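Numbering (the working numbering), first residue to last: 40 to 656.
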Amino acid sequence: MCGITGYLGFREAYPIVINGLQRLEYRGYDSAGVVITNSKKETNLYKTKGKVADLRSIVEKNDATGNLALGHTRWATHGEPNDINSHPHTSNSGKLVIIHNGIIENYDSIKKELTSRGYTFKSDTDTEVLINLIEEVQKQNNYKLGKAVQMALTNVVGAYAIAVYAIDKPDEIIAARLGSPLTIGIGEDNKEFFVASDASPFIEYTKNAIYLDDEELAIIKLGRNIRIRKIYDDSFVEPTINALKLNLEQIEKGGFEHFMLKEIHEQPHAISNTYRGRLLADKGIIKMGSIDNNIAKFLNAKRIIIVACGTSWHAGLVGEYLFEDLARIPVEVEYASEFRYRNPIINKNDIVIAISQSGETADTLAAIKLAKSKGAFVFGICNVVGSSIARETDSGAYTHAGPEIGVASTKAFTTQITVLALIALKLGNLNGELSNSAFQDYLYKLQLIPKKIENLLSINSKIEEIAAIYKDAPNCLYLGRGFNFPVALEGALKLKEISYIHAEGYPAAEMKHGPIALIDESMPVVVIATKKGHYEKVVSNIQEIKSRKGKIIAIVTEGDTTVKDIADHIIEIPDTEEALSPLLTTIPLQLLSYHIAVMRGCNVDQPRNLAKSVTVE
Ligand code: F6R
Numbered sequence: 040m041c042g043i044t045g046y047l048g049f050r051e052a053y054p055i056v057i058n059g060l061q062r063l064e065y066r067g068y069d070s071a072g073v074v075i076t077n078s079k080k081e082t083n084l085y086k087t088k089g090k091v092a093d094l095r096s097i098v099e100k101n102d103a104t105g106n107l108a109l110g111h112t113r114w115a116t117h118g119e120p121n122d123i124n125s126h127p128h129t130s131n132s133g134k135l136v137i138i139h140n141g142i143i144e145n146y147d148s149i150k151k152e153l154t155s156r157g158y159t160f161k162s163d164t165d166t167e168v169l170i171n172l173i174e175e176v177q178k179q180n181n182y183k184l185g186k187a188v189q190m191a192l193t194n195v196v197g198a199y200a201i202a203v204y205a206i207d208k209p210d211e212i213i214a215a216r217l218g219s220p221l222t223i224g225i226g227e228d229n230k231e232f233f234v235a236s237d238a239s240p241f242i243e244y245t246k247n248a249i250y251l252d253d254e255e256l257a258i259i260k261l262g263r264n265i266r267i268r269k270i271y272d273d274s275f276v277e278p279t280i281n282a283l284k285l286n287l288e289q290i291e292k293g294g295f296e297h298f299m300l301k302e303i304h305e306q307p308h309a310i311s312n313t314y315r316g317r318l319l320a321d322k323g324i325i326k327m328g329s330i331d332n333n334i335a336k337f338l339n340a341k342r343i344i345i346v347a348c349g350t351s352w353h354a355g356l357v358g359e360y361l362f363e364d365l366a367r368i369p370v371e372v373e374y375a376s377e378f379r380y381r382n383p384i385i386n387k388n389d390i391v392i393a394i395s396q397s398g399e400t401a402d403t404l405a406a407i408k409l410a411k412s413k414g415a416f417v418f419g420i421c422n423v424v425g426s427s428i429a430r431e432t433d434s435g436a437y438t439h440a441g442p443e444i445g446v447a448s449t450k451a452f453t454t455q456i457t458v459l460a461l462i463a464l465k466l467g468n469l470n471g472e473l474s475n476s477a478f479q480d481y482l483y484k485l486q487l488i489p490k491k492i493e494n495l496l497s498i499n500s501k502i503e504e505i506a507a508i509y510k511d512a513p514n515c516l517y518l519g520r521g522f523n524f525p526v527a528l529e530g531a532l533k534l535k536e537i538s539y540i541h542a543e544g545y546p547a548a549e550m551k552h553g554p555i556a557l558i559d560e561s562m563p564v565v566v567i568a569t570k571k572g573h574y575e576k577v578v579s580n581i582q583e584i585k586s587r588k589g590k591i592i593a594i595v596t597e598g599d600t601t602v603k604d605i606a607d608h609i610i611e612i613p614d615t616e617e618a619l620s621p622l623l624t625t626i627p628l629q630l631l632s633y634h635i636a637v638m639r640g641c642n643v644d645q646p647r648n649l650a651k652s653v654t655v656e
């Protein structure tokens, strides 16, 4: 969590860094800060509790000129979000500045040691400890800054992406990472450089970027090629310069009031992008290099273990139904945070699939490392290109959903399901569990999904009306069965995280084992009752709710007449195969949460206490 960015070059640094922070704000928004140094080595540091906009209004009344700057937007870990704990932090001499994303776990013992040597601390943060450790290492050994940072980091336990500079050397930034992402943008002829948690702060300036790897430190000096060293063994690393495909429109709101709404509406396009070049309906095949290259492993897999967190975990649950139904491969879906601390039984014939939008989730990353250490083949499904998970896995498939900026995941979910469906269909067809004709039929129907979502989005205003009725409900239940049980969980998560209404998702039949006690005339219950999915059973569940006076919002297949007579509200979705229906049933649930949150005056794109990229455990 936390977003960091910096600039070193010939332009005014502050406007670049503050705009960059705005783009990185999805990573944390408890507080923000910026430090700027000019060629006369004059330095100004501003920080404040609150959002980047609050910081902007403070800085703009003051001096912010200079060609070197670092900025930070924080999701608090150590120390409450206040002005003092905000980054950047300075060393005791005032000469070194740092921004940091991550956690220094052994900061307390380092702090005690530094205190005994006379250091004092203004904040409660682990980061201020780190910058003083760097200062102490430099002082003791008379090291150059790069070496001092490197040696200090060998004493640190935890995770970090950092950028550091010395105000008396305003032509150099030292950047390093372990466990938190860091990207370096390189301007023409090494006349300017950018550092950032992702490439969004600098895409209008350069398309050339280096993704720093774990345990790497970069010395970024004006007019010179970047030098990268391994922190622990001091070896040199030849930098790989990647060409960025991201563009500015992708990270702007494009006329929508919120990123979440934009991203909900982007789903038809995002899903088409996910299957483009993979689903070749005219040839009757699914082509996925990452599966084709490892096909023996997949076809011989005795079991698939899916690890993920949050919404990605819900996509994994849909994956379980897909793999078991279409390819008859047993699947276990694990919370990455639980999996990593158990002693899981992993056999060499198991395949582990890790799902992550950001590709940076700390628990998922740790689960991958554990699975690899036990000899498993790990396949990643990520959205962010070049992310840590994408690089840590043995192979993988990108979702190609485009940047997801709203903190609540929407298009990531449906595109993850699309990748899982492609893999399950391909394996099912190859292992003989899915006949050629059924396979062809699925290809055809999957290709129709984007158009169907487009049509479905036109019921937005109807969903807004339903939202207006239930916006003040204190609780809400979501029920679904089979493929749509995970959608019920996802619907509940969406509502609670952005509107702060307490919501729970259940398999519909579980209702009578407890949750039914909650139902009375004030309880809205969202029920997914698609025609091909245990329909009669779900209709019985709806009756049970009705007889207890619960308010029913039913998601049904177009043309449904039975539920219409019982439910208080009907939302119709186009017909498709039940296995593909989560791609459609999810859409109205996303819109319902969105409208309720807006009507309650909540910040839908930046819900309280959350951050987009959970890089701490
Ligand atoms: C919910 C949400 C989170 C993420 C979770 C995993 O809307 O966004 O639950 O799904 O933090 O994140 P990724 O997919 O980046 O690993």
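Here a beta-carbon is modelled for each residue, glycine too, at the ideal position from N, C-alpha and C.
Bear in mind the structure is a predicted one, so any value in this text is a computation, not a measurement.
- A Cβ-Cβ separation of about 7 Å places C641 in contact with Y539 under the 8 Å criterion.
- The Cβ-Cβ distance between L169 and H126 does not fall below 8 Å.
- Excluding five sequence positions before and after T193, the CB atoms of its chain that fall closer than 7 Å to its own CB belong to I270 and Y271, given in chain order.
- Setting aside the 5 residues that flank it on each side, L256 is surrounded in the same chain by Q189, A215, R268 and I270, each with a C-beta closer than 6 Å to its C-beta; the list follows chain order.
- Non-local beta-carbon contacts of K510 in its own chain, meaning distances under 7 Å to residues more than five positions away in sequence, involve I635, M638 and R639 in chain order.
- Every unbroken stretch of the alpha helix (DSSP H) spanning 4 or more residues and falling wholly within the region 477-529 is given here in chain order: 499-509.
- E296: not part of any beta strand (DSSP E); DSSP gives it neither H nor E.
- Near ligand 1, residues with a Cβ at less than 5 Å from any of the ligand's heavy atoms are C348, G349, T350, S351, S395, Q396, S397, T400, A447, S448 and V653; the list follows chain order.
- Per DSSP, reduced to three states, the secondary structure at P240 is helical.
- Listed in chain order, the beta strand (DSSP E) runs fully inside the region 321-390 are 342-347 and 370-374, counting runs of at least 3 residues.
- Taking C-beta atoms as the reference points, D607 and I591 count as a pair closer than 8 Å.
- When the beta-carbon positions are compared, I325 and L464 come within less than 8 Å of each other.
- Where L135 is concerned, the enclosing beta strand (DSSP E) starts and stops at L135 to I143.
- Taking all protein chains shown into account, N312 has 16 or more neighbouring C-beta atoms within 10 Å of its C-beta and is therefore buried.
- Of the residues D389, A401 and G133, the one whose Cα lies closest to the Cα of D207 is G133.
- For S155, the uninterrupted alpha helix (DSSP H) run begins and ends at Y146 to S155, by DSSP.
- Here T279 carries a coil assignment [DSSP, helix/strand/coil].
- Selection S497, I428 and Y199 evaluated against L217 yields Y199 as nearest (Cα-Cα).
- About 6 Å separates the beta carbon of M562 from that of L516, a gap short enough to meet the 8 Å contact definition.
- Under the three-pair Cβ rule at 8 Å, the region 284-299 counts as touching the region 237-245.
- Counting every other CB atom within 10 Å of its CB across the protein chains shown gives N580 a total of 16 or more, marking it as buried.
- Cβ-Cβ distances below 6 Å link T76 to T82, G105, L107, I206 and P209 in the same chain, with the five nearest sequence neighbours on each side left out; the list follows chain order.
- Between V526 and P627, the beta carbon gap of about 10 Å keeps them out of contact (Cβ cut-off 8 Å).
- Assignment of beta-bridge partners to L469 by DSSP yields no partner.
- Taking a contact to require three or more Cβ pairs closer than 8 Å, the region 551-568 and the region 479-497 do not qualify as touching.
- When DSSP assignments are scanned along the region 573-637, the uninterrupted stretches of alpha helix (DSSP H) that are 4 or more residues long and fall wholly within it turn out to be 574-585 and 601-605.
- Per DSSP, N83 is one residue of the beta strand (DSSP E) stretching across T82 to K88.
- With contacts defined as CB atoms closer than 8 Å, L482 and L619 fail to qualify as a contacting pair.
- Counting only the Cα atoms, Q306 lies some 15 Å from G293.
- Taken atom to atom, the span from the alpha-carbon of K491 to that of I43 is near 39 Å.
- Under the three-state reduction of DSSP, V73 is assigned to strand.
- In this structure the region 178-187 does not touch the region 222-231; the number of beta carbon pairs closer than 8 Å is below three.
- For A415, no beta strand (DSSP E) segment is defined, and its DSSP state is neither H nor E.
- When only Cα atoms are considered, S427 and D228 end up about 28 Å apart.
- In the assembly as shown, P369 is an exposed residue. Its beta-carbon has fewer than 16 other beta-carbons within 10 Å.
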